[in-house]
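Numbers 5 to 214, taken from the numbering used here, label the letters of the sequence shown in order.
For each residue, glycine too, the CB sits at the ideal point set by N, CA and C.
Given the structure is predicted, the values throughout are model-derived calculations rather than measurements.
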Amino acid sequence: MVSILKFNHCKPQGIFCFNIPPVCPVCKGNLSSLRSPPVAIPTPFINGVKRPCSVVVKPTVGSFLRDYKSGSNLHTGVTDSKGCVHNYDEEGIHTDTDSTTWEQSLAIPIVDLVDEVLKDIWDERLCNMISEPNWQIDRYHPDLHNCFDFVINFLNCVQFNNWKVKCNEPITKSQFSTEYIVPATSKAARYISLYRSIERYGPVIQQQLG
Ligand SMILES: [Zn+2]
Numbered sequence: 005m006v007s008i009l010k011f012n013h014c015k016p017q018g019i020f021c022f023n024i025p026p027v028c029p030v031c032k033g034n035l036s037s038l039r040s041p042p043v044a045i046p047t048p049f050i051n052g053v054k055r056p057c058s059v060v061v062k063p064t065v066g067s068f069l070r071d072y073k074s075g076s077n078l079h080t081g082v083t084d085s086k087g088c089v090h091n092y093d094e095e096g097i098h099t100d101t102d103s104t105t106w107e108q109s110l111a112i113p114i115v116d117l118v119d120e121v122l123k124d125i126w127d128e129r130l131c132n133m134i135s136e137p138n139w140q141i142d143r144y145h146p147d148l149h150n151c152f153d154f155v156i157n158f159l160n161c162v163q164f165n166n167w168k169v170k171c172n173e174p175i176t177k178s179q180f181s182t183e184y185i186v187p188a189t190s191k192a193a194r195y196i197s198l199y200r201s202i203e204r205y206g207p208v209i210q211q212q213l214g
């Protein structure tokens, strides 16, 4: 994955690119010496198999940068304190430890969002939940009992809502989706769109400031 760089030349608008071009796409001036060095735009993606105590999300098929479209199916899992991704699908529970399997993921760092104390019970609750019959292969349903139900069930096992908002009600799929998944995928979608524009057209001039 190449980083997106941003630099300024003759206009307040930034110019986004993968490599600094020889001349400015706005004024055609020579860019061999820039007044201020280019900055790398932080990528929203992380390797899910390295991010402990989080909810991780990736497209069910392919990768975010290459394949993601608004409305694409997403697959999601929970990482343990070592960063192994536990996830549920039509083949049952998987524990992914290979760093290529969740290479380009979005992560919602649950323990960072709530309390370090959660770390102490995290692995034990996850381990207990995985062995429940509820997550065996024959219980899977693509809409009613899927990877996201697994994640939400786990968040309720560690009483996420209670830690986060002092609320005794369990968190629902729609609540977690609206508050955490949608903001993360929307941010990713803006990055993906910029990335694909640079890939297709070369340096891109910033539309709006901010
Ligand atoms: Zn210029």
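Exercise. So what's residue 177 in DSSP terms, helix, strand or just coil?
Worked result: By one-based count along the sequence shown, residue 177 stands at place 173. In the structure shown, residue 177 sits in a helix (DSSP, three-state: H, G or I).
For this session: Would you grab the beta carbon distance between residue 196 and residue 177 for me? Rounded to a whole angstrom, and I think it's under 8 Å.
Result: Position 192 of the sequence shown, counted from the start, is the residue given in the question as residue 196. Position 173 of the sequence shown, counted from the start, is the residue given in the question as residue 177. Wrong, their Cβ atoms sit about 24 Å apart, outside the cutoff.
Problem set entry | Inter-residue spacing [alpha-carbon to alpha-carbon] between residue 163 and residue 175 | On the sequence shown, position 159 is the one that residue 163 refers to. On the sequence shown, position 171 is the one that residue 175 refers to. Rounded to the nearest angstrom, the two C-alpha atoms are 8 Å apart.
Exercise. At what residues does the beta strand (DSSP E) containing residue 83 begin and finish?
Worked result: Along the sequence shown, one-based indexing puts residue 83 at 79. 78-83 is the span of the beta strand (DSSP E), which, as asked, contains residue 83.
Exercise. Would DSSP call residue 112 helix, strand or coil?
Worked result: Mapped onto the sequence shown, residue 112 falls at position 108. In this structure, residue 112 counts as strand in the three-state DSSP scheme.
For this session: Indicate whether residue 80 and residue 152 have their beta-carbon atoms separated by less than 8 Å.
Result: Residue numbering aside, residue 80 sits at position 76 when the sequence shown is read from its first letter. Residue numbering aside, residue 152 sits at position 148 when the sequence shown is read from its first letter. Result yes, Cβ atoms of residue 80 and residue 152 sit closer than 8 Å.
Problem set entry | Assumed close pair residue 21, residue 9 - CB separation to whole angstroms, cut-off 8 Å | Counting from 1 along the sequence shown, the entry for residue 21 is found at position 17. Counting from 1 along the sequence shown, the entry for residue 9 is found at position 5. That belief holds up - the Cβ atoms of residue 21 and residue 9 are roughly 6 Å apart, short of 8 Å.
For this session: Flag this pair as touching only if the stretch 136-152 and the stretch 83-97 have three or more C-beta atom pairs under 8 Å; answer yes or no.
Result: yes
Exercise. Residue 90: beta carbon under 7 Å from a heavy atom of ligand 1?
Worked result: Residue numbering aside, residue 90 sits at position 86 when the sequence shown is read from its first letter. Outside the cutoff, so no.
For this session: Could you name the residues of the same chain whose beta carbon sits closer than 7 Å to that of residue 76, not counting the 5 residues immediately before and after it, in chain order?
Result: Stepping through the sequence shown from its first residue, residue 76 is reached at position 72. Cβ within range, chain order: 63.
For this session: Counting only runs of 3+ residues fully inside the stretch 98-174, write out the beta strand (DSSP E) ranges in chain order.
Result: 110-112
For this session: Below 8 Å on the Cβ atoms is my guess for residue 89 versus residue 61; work out the distance and round it to an integer in Å.
Result: As a first step, residue 89 must be located in the sequence shown, where it is residue number 85. As a first step, residue 61 must be located in the sequence shown, where it is residue number 57. About 11 Å separates the two Cβ atoms, so there is no contact after all.
Problem set entry | Beta-carbon separation (whole angstroms), residue 83 vs residue 58, contact threshold 8 Å | Numbered from its first residue, the sequence shown carries residue 83 at position 79. Numbered from its first residue, the sequence shown carries residue 58 at position 54. Indeed they touch by this definition, with Cβ atoms about 5 Å apart.
For this session: Please go through the same chain and pick out, in chain order, the residues whose beta-carbon is closer than 6 Å to the beta-carbon of residue 210, but skip the five residues on each side of it.
Result: Here residue 210 is taken as the residue at index 206 of the sequence shown, counted from 1. Taken in chain order, the residues that qualify are 17 and 18.
For this session: Tell me whether residue 52 is buried or exposed, calling it buried when 16 or more other Cβ atoms sit within 10 Å of its Cβ.
Result: Here the question's residue 52 lines up with position 48 in the sequence shown. Residue 52 comes out buried.
For this session: Run the CB neighbour count on residue 281, radius 10 Å, all protein chains shown included, and call it buried at 16 or more, exposed below.
Result: The structure shown has nothing for residue 281, since the chain only spans 5 to 214.
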